[in-house]
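Residue numbers (our numbering), protein chains in the order written: chain A, 1 to 374; chain B, 1 to 259. Where a beta carbon is used, it is the ideal one built from N, C-alpha and C, also for glycine.
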Amino acid sequence: MAPPASSAAEPIVQFTRVSKHFGDFRAVNDISFDIRKGEFFSLLGPSGCGKTTTLRLLAGFEQPDTDGGTVKIAGEVVNTRRPYERQIGMVFQNYAIFPHLSVERNVAFGLEQHKVPAAEIPGRVTQALEMVRLDPGQYAKRMPNQLSGGQRQRVALARALVLRPAILLLDEPLGAIDLKLRKEMQLELKALNKNLGLTFVYVTHDQEEALTMSDRIAVMDHGIIAQLGSPAEIYENPRTAYVARFIGESNFLGGTATRQGGAWQVASPNGAFIIPDAPGLAEGATVQIAVRPEWMDIFPVDHCPSGENAVPGTVREVIYLGETMHVIVTLGDGTDCTVAVRNEGQLIKPLPWKKGDRAAVSWLPEDCQVLEQA
Amino acid sequence: MSTKLPRWLIAFSALVYLFLHLPIVVLVIFSFNDSKYAVSWTGFTWAWYQRLLEREDILRGLEASLIVGAASTLVSAVFGTLIALALARHRFRGRTALEAFLYVPLVTPEIVVGISLLILFVLLKVPLGLATITIAHIAFSISFVVVVVLARLQGMDRNLEEAAMTLGADEITTFWKITVPQLWPGIISGALLAFTMSFDDYVITSFVSGTGSSTLPIVVYTMVRRNIEPSINAISTIILVATAVLIYLADRLGREKGA
């Protein structure tokens, strides 16, 4: 296993100023980040943000531009190393199960390539299928076209894991399976990552999936990393409006800042509010803040708790979502603000708000995130 | 628009089909006719088919056709597959032009191909014979293989090859263990088409065959010029059935799905 010199925090993958162009298109633009050994690392973003190219650079299917930085695996530069020389495993979005080989032959393929003695192969195949909870007795002899999408998914996983690669790359592997199975697989993948101690690099456009499984998330946007951090950091302290918008829902408010003691007052078209001190703030600067709907509250105008920011408006819509209620309030300048309220039972204790009511949305100054100007 | 076909249209279609296929039906029926003259039905016989076995010119023609067919098919299948791979997988200067030129032999009148090949062989002082026939057949068969294999390659999932590489297979192993099995139905289908074209060809072959060596269609034509006898019907029926079977197989393989 791991040599004693390597600590748990040592990066197993290092991208240093990596760029990749396709013609005139900058797919990946000067990105640097580390992936730690054993962590579940997600690359998150909309299609075209560069997340798949980043994964393919790591897999060896693409190479960085000349002078396009370095990709290191376990401390060694692998820029030009072929995929089969990298100790990586990969699960593809469409599973890429070999259609002409049975389930067991698919799983055995990698073992055969690595010259594992023939006597060991059946045992390891069985073990791998059991690891992904696919009954070997029932499925080993089947052909891929006799499997459901979820089962193919498990075969693809077993085929990659049977080699115990140092790094497992997963390219939106749960995109094509139904919601219930997807939730189940999310937990299973997370458990495999922790139990096997392998590093997982997971590409997804589904923010909820990334939040559920990841130790750390890199949110990508137009070939750069917009923010990198734990799920809580990304969700609770989004650095830019892009991140705040992409991960969960946010309300955006903006205005001009003036210093007021240890904090700042922002004059906005909807009224003034207080924000905590943040780097980069200056007298008279334009600032934008984001506040999550669940950190806002709604009160009758003039009845807001003291010490909270309050901005008045008119209720536009009350939306029933099951465990929460969303009250959408249109503010003075016409922007909408969504307030999430816990549903305590609309049949017993209905919300006192209806369309057209005057109301104020409120939040604690420390519950807002001051955004960097993009 | 109504989905029901008007009656006159059905009748018209039936007539067209009759016109197209009646001669062939008549040919097949009369290959079993127990009479030296193809004017009236006098009874069933296998005699004309048995006669074929005694005719050395026909057997030699068949042998020549099989040799030329096998050789030209083998070469077309190998090189056609390689060309298809180059066209599908690599971006290079002149790729589009090369792909367009592929279709030229498919649409050029056979007589033009025949004449141009003959001129080429004469210019290069290549003696006419089985070798020149084979080269000529490769020239028109290879396009069929490329077109069929290319279609299959374009429908193939590139991730299969990438998956093989992440599992430790290098490029060559990946090609033989993953790519070729995926392309196999396309290659066989293209090869069957190529063989059929070679086996049936008369026009081009007649230009490049010279005097000593004749393929089956050439032999048949020579026989017809001398005198029409029912053996012609028998050999034609055999060629027809063989061709139909090959085309059917090629079509079925061509449609087979990869996954």
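Which residue comes first and which comes last in the alpha helix (DSSP H) that contains residue i?
i, result
"Gln282 of chain A", "According to the sequence shown, residue 282 of chain A is Ala rather than Gln. Careful: Ala282 of chain A lies outside any alpha helix (DSSP H) and carries neither H nor E."
"His270 of chain B", "There is simply no residue 270 of chain B to check, as chain B begins at 1 and stops at 259 in what is shown."
"Ala108 of chain A", "103-113"
"Pro230 of chain B", "230-255"
"Met296 of chain A", "Neither: Met296 of chain A is in no alpha helix (DSSP H) and is coded neither H nor E."
"Ser189 of chain B", "180-200"
"Ser230 of chain A", "Ser230 of chain A -> no alpha helix (DSSP H), and no H or E assigned at all."
"Trp8 of chain B", "7-30"
"Arg154 of chain A", "149-161"
"Ala59 of chain A", "51-59"
"Ile177 of chain A", "Counting along the chain, Ile177 of chain A falls outside any alpha helix (DSSP H), and DSSP gives it neither H nor E."
So which residues of chain A does residue i contact, with C-beta pairs closer than 9 Å?
i, result
"Thr162 of chain B", "The residue asked about is misnamed: residue 162 of chain B is Glu in this sequence, not Thr. Per Cβ cutoff of 9 Å: Arg56, Ala59, Phe61, Pro83, Met90, Phe92, Ala96."
"Gly61 of chain B", "Those do not exist, as Gly61 of chain B stays about 40 Å from chain A at its closest Cβ, beyond 9 Å."
"Ile172 of chain B", "Those do not exist, as Ile172 of chain B stays about 11 Å from chain A at its closest Cβ, beyond 9 Å."
With residue i and residue j assumed to form a contact (beta carbons below 8 Å), what rounded beta-carbon distance in angstroms separates them?
i, j, result
"Leu27 of chain B", "Leu216 of chain B", "In fact, because the Cβ distance is near 16 Å, the residues do not count as touching under 8 Å."
"Ser31 of chain B", "Pro230 of chain B", "6 Å"
"Gly114 of chain B", "Val208 of chain B", "7 Å"
"Gln113 of chain A", "Thr173 of chain B", "7 Å"
"Gly307 of chain A", "Val361 of chain A", "That pair is no contact at about 15 Å."
"Pro238 of chain A", "Gln373 of chain A", "With a Cβ gap of about 14 Å, Pro238 of chain A and Gln373 of chain A do not count as contacting."
"Leu43 of chain A", "Met220 of chain A", "6 Å"
Go to residue i, then tell me how far its beta strand (DSSP E) extends in each direction, as first and last residue.
i, result
"Ile172 of chain B", "Here Ile172 of chain B belongs to no beta strand (DSSP E); instead the alpha helix (DSSP H) covers 171-174."
"Thr83 of chain B", "Strictly speaking, residue 83 of chain B in this sequence is Ile, with Thr absent from that position. That residue, Ile83 of chain B, is in no beta strand (DSSP E); its alpha helix (DSSP H) goes 56-89."
"Thr256 of chain A", "251-260"
"Tyr242 of chain A", "Element bounds for Tyr242 of chain A: not the beta strand (DSSP E) but the alpha helix (DSSP H), 241-246."
"Phe41 of chain A", "40-44"
"Ile274 of chain A", "271-275"
"Val203 of chain A", "199-204"
May I ask you to check if the CB of residue i is nearer than 7 Å to at least one heavy atom of the ligand ADP?
i, result
"Gly261 of chain A", "For the structure depicted, the ligand ADP is absent and the ligand set is empty, with no information on it obtainable."
On the DSSP bridge assignment, give the partners of residue i in chain order.
i, result
"Arg358 of chain A", "A:Thr314"
"Ile225 of chain A", "A:Met220"
"Glu76 of chain A", "A:Ile73"
"Asp34 of chain A", "A:Gln14"
"Thr324 of chain A", "A:Arg342"
"Val378 of chain A", "Residue 378 of chain A cannot be examined here, being either before or after the span of chain A that is shown, 1 to 374."
"Arg26 of chain A", "A:His21"
"Gln369 of chain A", "A:Ala290"
"Ser268 of chain A", "A:Gly271"
"Val91 of chain A", "A:Leu170"
"Ala263 of chain A", "A:Gln260"
"Thr330 of chain A", "A:Thr314, A:Asp336"
What number of angstroms, rounded off, separates the C-alpha of residue i from the C-alpha of residue j?
i, j, result
"Val341 of chain A", "Ala272 of chain A", "24 Å"
"Pro3 of chain A", "Glu10 of chain A", "Any reading at Pro3 of chain A must be qualified, since the residue scores a pLDDT of 45, below 50, and its modelled position is unreliable; the value itself is stated next. Cα to Cα, the separation comes out at about 12 Å."
"Arg17 of chain A", "Gly168 of chain B", "28 Å"
"Asn195 of chain A", "Leu111 of chain A", "22 Å"
"Asp367 of chain A", "Lys20 of chain A", "38 Å"
"Pro99 of chain A", "Ile121 of chain A", "20 Å"
"Met165 of chain B", "Pro83 of chain A", "6 Å"
"Val25 of chain B", "Arg51 of chain B", "21 Å"
"Arg152 of chain B", "Phe101 of chain B", "19 Å"
"Gly75 of chain A", "Ile12 of chain A", "7 Å"
"Glu110 of chain B", "Tyr103 of chain B", "13 Å"
"Val219 of chain B", "Gly210 of chain B", "13 Å"
"Gln154 of chain B", "Thr205 of chain B", "33 Å"
"Leu351 of chain A", "Val162 of chain A", "54 Å"
"Gly280 of chain A", "Ala263 of chain A", "13 Å"
"Ile138 of chain B", "Asn94 of chain A", "39 Å"
"Ala108 of chain A", "Arg159 of chain A", "7 Å"
"Glu171 of chain B", "Gly123 of chain A", "28 Å"
"Ser32 of chain A", "Leu169 of chain A", "18 Å"
"Phe199 of chain B", "Ser143 of chain B", "16 Å"
"Ala166 of chain A", "Ala128 of chain A", "16 Å"
"Ala136 of chain B", "Ile188 of chain B", "21 Å"
For residue i, return the contacting residues in chain B, with the cut-off set at a CB-CB distance below 8 Å.
i, result
"Leu163 of chain A", "Leu167, Gly168"
"His114 of chain A", "Gly168"
"His100 of chain A", "Pro181, Gln182"
Note down, in chain order, every chain B residue with its Cβ under 9 Å from the Cβ of residue i.
i, result
"Arg159 of chain A", "Ala163, Leu167"
Find the residues of chain B that neighbour residue i, judging by a C-beta separation of less than 7 Å, and give them in chain order.
i, result
"Leu110 of chain A", "Correcting the residue identity first, residue 110 of chain A is Gly in this sequence and not Leu. Those are Leu167, Gly168, listed as they occur along chain B."
So residue i contacts chain A; which residues on that side make the cut at Cβ distance below 7 Å?
i, result
"Ile178 of chain B", "Phe98"
**Message:** Output needed in chain order: residues of the segment 137-161 of chain B with a Cβ under 7 Å from some Cβ in chain C.
**Reply:** Among the protein chains in the structure shown, which are A and B, there is no chain C.
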